[in-house]
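Protein sequences appear in the order of chains D, B, E and V. Using my numbering, read the first sequence as starting at 1 and increasing by one per residue. Using my numbering, read the second sequence as starting at 755 and increasing by one per residue. Using my numbering, read the third sequence as starting at 1305 and increasing by one per residue. Using my numbering, read the fourth sequence as starting at 1566 and increasing by one per residue. Everything below concerns the one structure shown next.
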Amino acid sequence: MRVISEKHDRKVRPAPSGPVTRAERSASVRPAANGHGVCLISVPNISCGACVARIERALIDCPGVVAARANLTLRQVRVTLTDANTDPSPGYEALAALGYTARPLDPSDTEPASAQQDGPDLLRCIAVAGFGAMNVMLLSVAVWSGAEATTRDTFHLISALIAVPVVAYAGQPFFRSALVVLRGGRLNMDVPIALAVLLALALSLSELLQGGDHVFFDAAVTLLFFLLTGRYLDQLMRDRARSAVTGLARLSPKGAMARGPDGSLEWIALHAVAKGMILHIDAGERVPVDVRILHGDTDLDRSLVTGEAMPVAASPGTELEAGTLNLTGGIEVEVLRPVAESFLAEMMRMLSAAETSRSTYVRIADRAARLYAPVVHLLAVATFAGWLLVTGDWQVSAFVAISVLIITCPCALGLAVPVAQVVAAGRLMRSGILMKDGSALERLAQIDRAVFDKTGTLTTGTPMVTSCFEGEAEQREASKALAMQSRHPAAQAIAAHLPEVACEVADAVEVPGFGVEGRVHGRRARLGRARWVAEIAADPQAATGPAFAFEGAPALSFDLSETLRPGAVDTISDMQSSGIPVTMLSGDDAARVAQVAETLGIAEAHHGMTPARKVGVLEDLRDRGHRALMVGDGLNDTAALAAAHVSMAPSTAADAGRTAADFVFLRDGLDAVATAQDVARATARVVRQNFGLAIAYNCIAIPLAVAGLVTPLIAALAMSASSILVIGNSLRLNGKRAAAPLQSVERGPVAIPA
Amino acid sequence: MMSNLTRAERANAMVIAGTGAFIGLVMAAAGRGDPMGAHGWIVLAFCGALFFVVGSAYEDPEPTQDRTASYYDDPTKVGILIALFWAVVGMGMGVWVASQLAWPDLRFDAAWSSFGRIRPVHTSGVIFGFGGNALIATSFHIMQRTCRARMPDQVTPWFVLLGFNLFCIVASSGYLMGVTQSKEYAEPEWYADLWLVVVWVVYFVLYIRTLARRNEPHIYVANWYYLAFILVVAVLHIVNNLAVPASLTGAKSYSAFAGVQDAMTQWWYGHNAVAFFLTSGFLGMLYYFLPKRAERPIYSYRLSILSFWGITFFYIWAGSHHLHYTALPHWVQTLGMTFSVMLLVPSWASAGNALMTLNGAWHKVRDDATLRFMMVAAVFYGLSTFEGSFMAIRPVNGLSHYTDWTVGHVHAGAMGWVALISFGSIYALAPVLWRRETIYSWKAVEWHFWLALAGTVIYVFAMWNSGITQGLMWRTYTESGTLAYSFTDTLVAMHPYYVARTFGGLLFLIGACIGAWNVVMTIRRMPSETPERDYPTSSESREPALPAAE
Amino acid sequence: MMKFIRTLLKPFAAFFEAHAKTHYRLERHSMGLTVGIIIAAGVGGFIEIAPLFTIDDTVEAAPDMRLYTPLEQAGRDIYIREGCYACHSQMIRTLRDEVERYGPYSLAVESQYDHPMLWGSKRTGPDLARLGEKYSDDWHVRHLVNPRDLVPESVMPQYAFLLEAGLDTDSLPDRLAALRAVGVPYTDEMIANADSDALGQAMPDTERSDGVFERYGDETAVRNFDDRPGRLTEMDALVAYLQILGQLTDLPEQTQILPEE
Amino acid sequence: MTILTLLIPVTLVMGAVGLGAFFWSLHSGQYEDLSGDAERILFDEDDKPLAAYPPGHSGTTKEKTP
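Below, the structure is given as structure tokens:
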């Protein structure tokens, strides 16, 4: 067996969704202002500024396009058409001609939440708090440095005029959250924050009215600014965690072509598809609901169901699950179940259930807050009561109590986790690993089990030609030419493998389930299943893999195989030696699964797994108290990824899989899993240290505050200092050298016969 | 140039120039026997000349080509040439004033040539003449390019550019006649100030109008910096120059503020002028031309926006650090110090952002002197902002203030940052603007670069030395507890540094002359072509940008 | 429980959704953002150390504070015109060496009628805040005519032309009126007699000089400053101004607190 | 320091103008595609303005995303 070591570009793998029908494209155009039509196109492989320019220039030249704007950040293109009825297809074709994958984007998928948004957004709050903090601080610095008498009173007044509206506006995220939990009869971190800010403000106002010396508008506003910053960072970490359900929903076609009683074809929306209807599904389309084939032969990509990208032949009578991709031939199908009961809908339900169960994970910070908030409140109340009892002066008592609240304000606690996670995210980013959610890091640090999908995860998924017949140049040219006629992955692998220039093919026909036939240099030739090729070959012996033959000439065969992902061997052995047992799940057949398991030294390997069974394995692990890491790429892994304690997917994974996973690694090697785990552990360590620092700080500061030795001003200062300490500690994460990418994996990808 | 104006625009221009000439005449008549009268003649001559230039071309055929299909670059071209002219004049004056300190008799024993009168000609010449024109010219270029739109009309940019230069001419000729308010960097008298307000408001409106016409939804960050420059400078200028003229027929006026109030206002203005004239606008230049020249997007666009808001919020109160240990209330001094130190954050964010942009393009910096100008400018920006924050700390300021250290600091910023980024931008811009294949002589650019760098380094080191030496000598005591040195002793000690400073300045001036020559030769001698791009490589072959986190 | 957590997360969820588009590739810039915000905020917190710097700076009223006479004001205008502020400060800081070198440190009240102030920012030459009456008129005149005659090392320009230039007294009433408009308490009488007073201050023992004493106080220096009787030159005005520097009030001498080290 | 009665309001107004500008920029989608915006100035194939498109759709669609 020849070992293939050249690095292949994983990006050439066709998008799992396949092409989009014209009808679906048209349906994505929305009317916009001025009578124009607008359609949003998702173009995932926009990668740099040059793409932006190229795409916009190409689109603007398309008929019916008024304007086009590519968004490099979101990897979307927004196309304005002359009116809402214009066909956007030329745009899609232009994009395809440039080599970009384009899919219509339902605006409701991407911009859902603005309507249900509560209150002003955090960035505005930060801007307002920052503006207020700057100006109030300015006046406070003046007062502290000695501005006196009228000047001081004036400055206090101006501070109040700035601080009150600023707190009212920028404090909303905390007030709302505090209100919500208080209504529920509970406490969280936001309650002491809201209380401290409001009390500081109230007391300052009363001091101001009495012409007092000390006001703490500065403390209130600065505190708010700090906390908002922490919260914002936290949100930055989470905002990529979009629901995988919508990602999966995007896969299902928006409608289907139905065959009417008169034999005409009509596009109908998905929800109108009913049981018993006859649908026509073209090559390249996705099956919208569960169906049975009535007429036609084809090859199917059932990766959504099995995870295997290798196509399966299908003929009349075969039942197809929704989401299956029809690859090579048009088919007539009968609808078996309505949309709501289809396989895809079932998967979405499963996924949403899995996501919900994961969201019960309580983040470290929240766990800390649960304990912290009541303690702080009790302390503040006790301090107030104690001082009132001793001095009888409510103002002094309030003063001290506020100091306690401010000094214990969980600034450091609020920053401890997000800052460490932001720094860690930056480091992971540099190692080519994207993290979607801060809590994922916490979860990754806790795993004691690892579950790997086979195809596309442990192996590279796409078939590769491992050996090729030793024929004449003419035969190879003809093979390549025929291979280029098909979208079948095997054909594409063959086309990619052969360096020859393809020659002309006449009368090319793709016979679904068998292969491609055509005339090359006037000779009939076939490329496809060995048995089918043998029908025209001179020596009808059956080869195993795909074969090629000129009519009457001997058949020549290819060997196809899948290969192990670089670093797979080391990653698996490292994991097992560090006490994390590895399980392999695959939808593939027993023989191949066993072979891979043996190569990698994995003891527990399951074959023939459906998505539901994969979820079942993970749920079983969870029920037994294990915390499992799931690494997978296929559509069929999506629900399992969501069900696992934490999950990772390669960037080549299906959209839905990437969305469901907590981490996406951009590099080829599987060693990313180890790197991520290292960073996660380091982060967990830093977070613990941060908590330690914050607690140590509180242990020193709280007694002082309770004793009344700390003015609110010093409290605010101490609070800032503790925050900076925490930030500094977190930045250490950055300083550590990132784990060197595994250099030793150059054993080369191991080829496994397909 | 006239041929690009429509007949209506020519008529408008003539009306404006005619009105200006009339105002000049009135000033000349009213201000007889006063420097204001002389200024009237200058205004009359300037506007009259414009009137006749436009008038003589009035009957020429109207422009035929579709004007909306191109950017309006004529004012930019003229602005660049004027900026280079002022660079030579202003820096020449600088060398002269510097040499007067080393050799005090190096003047013609005339009233106009004394140090006190020609020093503001130098400062205004380089800051407003060179810097201001470079800012106006590049802003016209950048706002049109980043908005993908032509300026709304063709007379307003000329009004802004020529009006501003009229201000510069009136200001610097005034100094020679002794017309000054004695407010540093705000020396011009009341009528010049009023005129500048008019010009500046028109400038702001022009900018906003162009932005409103933009064909590109996003407003590039450079525009934010330019807008802050225009807007804040207007406010500062108006507040600081509030004054009552002694009479409407004379140049003399008295500031509305006195003593400590005036000092506060003056340095509130003075430091913000540094922030928004000498920093904000030039950062706009940096954020456009540096990525453009390096053919790499700015390292972190988000950071550039963040540091913009930082600079806007932090700078405002930094000015009072110019008044440490003075009769200014102590808390105001502390305020200034605090904010000056905080300023380091957004300043370094910008400098770091610029340098990180070059990460991965260092080979270009090595080969391309134009890009090197910008790179060194960013380095000096970082150095001088650090130095500035450092010098704002009270005890440090106690030593540095009133000495040449301040002068060295200012020149590190003015020569190392402002002038270098301007020259870099001009070299990047000239071939694009005049549609020339390339700059006339790359060798000359190299020469200019090394002369400028050597000049700056010599200058700054000389001033550091002299400043710190003098500051220390002033406070040196003998064992018996008396001051060790007389003032004259310290002055004598300065002499070698003053000679060195003159030499450094001379190198810088020679560089500027070479630069001006090179640009003129580029226009006159280089084959006129429409190059597809001025930049040496195509953006397709760019190496992938590093992730910003790196 | 689940519902509770959902409610809790609702505002956050709303936020991500709204900003999901904006920050899709946020990791790319997150470090810059983080460091920027945090350092900015952190420094903002640290400036709360500022109260450590406190000092009393009571600006006392100076009851004996007098105004510039028209001649002195004319001299001040010449000082401004010649750009003297570029090399000479008029602000003695509260530092020991400065007080010992130049005299009591400057008080805010001393420049309360200075429109504009001439505190300066650079000392190529020495501070002039307390120059008045330190040297003779004759010294000043000779020094201004050619500084190197008296101080060979000096780099100051020569101002011999001042001796030839006659002082323009016609505009003095206007100038004083303008100064009154910005807050200097000149009386109508002072403004009306401004040109006469300017002449009078340089002509001792005349009727005009009596008017100067009458309006500006007995301590006013009435002398023929440039020693050229019969002609009022710009030199007269400038020397008169230089001789009044630091002489407007006695307050600094009385109120000196120990200067800072 | 009566001067502060002038300077503080001036500063506050300037700050408020800045804040307003920031809000406007946030609202008008200025921060929607920061990486794309940084790249766009590098396009210099044609050094001329975009042709005028129908109002509201000049060149690259101006209206903000719904």
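Ideal placement from N, C-alpha and C gives every residue a C-beta, glycine not left out. Since the structure is predicted, the reported quantities are computational estimates derived from the model, not experimental observations.
The alpha carbon of residue 1400/E has as its nearest neighbour, out of 870/B, 1272/B, 1080/B, the alpha carbon of 1080/B. At least one C-beta of chain V is nearer than 8 Å to the C-beta of residue 1056/B. Between the stretch 1003 to 1019 of chain B and the stretch 972 to 989 of chain B, the count of C-beta pairs closer than 8 Å stays below three; the two stretches do not touch.
Chain B places no beta carbon closer than 8 Å to that of residue 1447/E, leaving this residue out of the contacts. Take the alpha-carbon of residue 897/B and the one of residue 1060/B: they are about 20 Å apart. In this structure the stretch 1002 to 1010 of chain B does not lie against the stretch 1548 to 1555 of chain E, because fewer than three pairs of beta carbons, one per stretch, are closer than 8 Å. Contiguous beta strand (DSSP E) elements confined to the stretch 547 to 590 of chain D occur at 547 to 550, 556 to 563, 582 to 585, taking only those with 3 or more residues. At least 8 Å separates the beta-carbon of residue 35/D from that of residue 29/D. Residue 948/B sits away from residue 961/B, with the two beta carbons spaced by 8 Å or more.
By the criterion of at least three beta-carbon pairs nearer than 8 Å, the stretch 911 to 919 of chain B is in contact with the stretch 816 to 834 of chain B. Residues of the stretch 867 to 883 of chain B that bring their beta carbon within less than 7 Å of a beta carbon in chain E comprise 868, 869, 870, 871, 873, 874, in sequence order.
Rounded to whole angstroms, residue 196/D and residue 129/D show a C-alpha spacing of 16 Å. Interface criterion not met: the Cβ of residue 1612/V is under 8 Å from no Cβ in chain D.
Annotation: residue 811/B to residue 969/B spans about 33 Å, alpha carbon to alpha carbon. Taking a cut-off of 8 Å for Cβ pairs, the stretch 795 to 810 of chain B and the stretch 763 to 781 of chain B touch, as three or more such pairs fall below it.
Judged by DSSP secondary structure, residue 950/B falls within the alpha helix (DSSP H) whose first and last residues are 944 to 966. At a cut-off of 8 Å, the C-beta of residue 1588/V has no neighbouring C-beta in chain B.
Contact between residue 874/B and residue 929/B holds: CB atoms are separated by about 4 Å, below the 8 Å threshold.
For the pair residue 1546/E and residue 1435/E, the CB atoms are nearer than the 8 Å cut-off. Residues of the stretch 812 to 838 of chain B with a Cβ closer than 8 Å to any Cβ of chain V, in chain order: 822, 823, 824, 825. It is roughly 19 Å from the alpha-carbon of residue 1226/B to the alpha-carbon of residue 1391/E. Interface with chain B (8 Å Cβ-Cβ cutoff): residue 1548/E is excluded. In the three-state reduction of the DSSP assignment, residue 277/D falls in the coil class.
Taking all protein chains in view, the Cβ of residue 532/D is crowded by 16 or more other Cβ atoms within 10 Å, so the residue is classified as buried. Closer than 7 Å at the C-beta level to chain E, one finds these residues of the stretch 1062 to 1083 of chain B: 1064, 1076, 1079, 1080, 1081, 1083. For residue 870/B against residue 1386/E, the beta-carbon gap comes to about 5 Å, under 8 Å, which counts as contact. Taking a contact to require three or more Cβ pairs closer than 8 Å, the stretch 579 to 597 of chain D and the stretch 484 to 498 of chain D do not qualify as touching. In terms of Cβ geometry, residue 680/D and residue 434/D do not form a close pair [threshold 8 Å].
The DSSP assignment places complete beta strand (DSSP E) segments of no fewer than 3 residues inside the stretch 654 to 726 of chain D at 663 to 665, in order along the chain. Rounded to whole angstroms, the gap between the alpha carbons of residue 1397/E and residue 1410/E is 7 Å. Between residue 1541/E and residue 1379/E, the beta carbon gap of about 4 Å places them in contact (Cβ cut-off 8 Å).
Along the stretch 1401 to 1422 of chain E, the positions whose C-beta sits under 7 Å from a C-beta of chain B are 1401, 1404, 1405, 1410, 1411, 1412, 1415, 1416, 1417, 1418, 1419, 1420, 1421, 1422, read in chain order. Scanning its chain for C-beta atoms nearer than 7 Å, with the 5 sequence neighbours on each side dropped, one finds around residue 1444/E the residues 1543, 1546, in chain order.
In the three-state scheme derived from DSSP, where H, G and I count as helix and E and B as strand, residue 887/B is classed as helix. One finds 49 in chain D with Cβ atoms closer than 7 Å to the Cβ of residue 1051/B, taken in chain order. The stretch 930 to 939 of chain B makes no contact with the stretch 892 to 907 of chain B, as fewer than three CB pairs between them are under 8 Å.
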